[in-house]
Structure formats: C-alpha cells, structure tokens
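Structure first, commentary second.
Numbering (the numbering used here), first residue to last: 5 to 171.
This is how it looks when you write it as structure tokens:
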C-alpha cells in the first residue's frame, strides 16, 4: 500500500498472475475519492502510452474513471532489498543505466509531451536477479515537464523560476 493506491497480486483464470491496483479509499475522506481516482486514471494513461517500453509494467486493462488498473505482475526483488555482492555490482550498474536510458527515452519522447519521473528510487525498481532486468513499478507521480516549473516569483522559495523540487 502506498499513499494513493493498494496493489494486489491476483491469479487469472489461466493461472498467470497480474497486479491489481485500486485507490486506497480508506486513507482519505469520501470527498477526496475523486483525487485518488484521478491519480490512478493518470497512471493508467501513462502506462497505456508506454506500451513499447519494457522498463515499466505492461498495462492489461484499466477503468478510465480510475477505479482499478490491471498490469503485468513483475516478479523479482526490490532494488532497495537486494544484497549486492562484489561480482554482481558491475552488471547491476550496467543494467540500471540501461533501464534509466529506456525510461528517459520513453518519458521524454511521449506522444503527450515530455514527462518527468518524480519517484525514481530503489524501492520502486524491481529486479529479476536471474536476468538482471529492471522495471519501474510506480509511475503515478510522473508529471508533464510543463507542470514542473514554479509559478511563483518569490526568490526565497526553492524552485522559483526553476524546476520544483521532487524527491
């Protein structure tokens, strides 16, 4: 469970697994449900656009109003939980850089314009330890580059006239 959604692993009728993401309704008041649904709808739209990027989960099905999203279940270990041995470090670093390049190209060359990934962190990267492939499993906080510029002119505010700070 994250701040905006809850993710479940579900088994399909054919025996394969997928992820089901729903808004975390219990974390907000009922008046704010629209905000959670809007966020999930936005994440679904971004994943739907990135069908050719193998560094994000494949979107299977989603509700356009943001009530649910089915996507590929990504098998592996969170990068933040991985114990890294010395002989594993260089291949892992190469794969991480390859994944970053794929993500940058997919988000930078989006049909809807350039997007900025705001939540790129080891906890959101799943690695398949056998193939050393990685996927970014949370793109819900991505924003259009045009939304990343500060709208205020206060000189003391971080990001004034520049990119807003995001983790």
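For each residue, glycine too, the CB sits at the ideal point set by N, CA and C.
- For residue 22, the enclosing beta strand (DSSP E) starts and ends at 21-27.
- Less than 8 Å divides the Cβ of residue 81 from the Cβ of residue 131.
- Cβ contact annotation for residue 62 (same chain, cutoff 6 Å, sequence separation greater than five): 76, in chain order.
- Contact between the region 88-95 and the region 25-45 is absent: fewer than 3 CB-CB pairs across the two stretches fall below 8 Å.
- When only Cα atoms are considered, residue 70 and residue 40 end up about 8 Å apart.
- In the three-state DSSP reduction, residue 72 falls in the coil class, being neither helix nor strand.
- Within its own chain, no residue has a Cβ closer than 6 Å to the Cβ of residue 124 once the five positions on either side in sequence are excluded.
- Non-local beta-carbon contacts of residue 72 in its own chain, meaning distances under 6 Å to residues more than five positions away in sequence, involve 26 in chain order.
- Beta-bridge partners of residue 132 (DSSP): 137.
- For the 8 Å CB-CB criterion, residue 85 and residue 118 do not form a contact.
- Taking the Cα positions, residue 136 is about 13 Å away from residue 58.
- Going by DSSP, residue 46 is part of the alpha helix (DSSP H) stretching over 37-53.
- In the DSSP assignment, residue 115 falls outside any beta strand (DSSP E) and carries neither an H nor an E.
- Distance from the CA atom of residue 16 to the CA atom of residue 141, rounded to whole angstroms, is 20 Å.
- Burial state of residue 87 is exposed, judged by a 10 Å Cβ sphere holding fewer than 16 other Cβ atoms.
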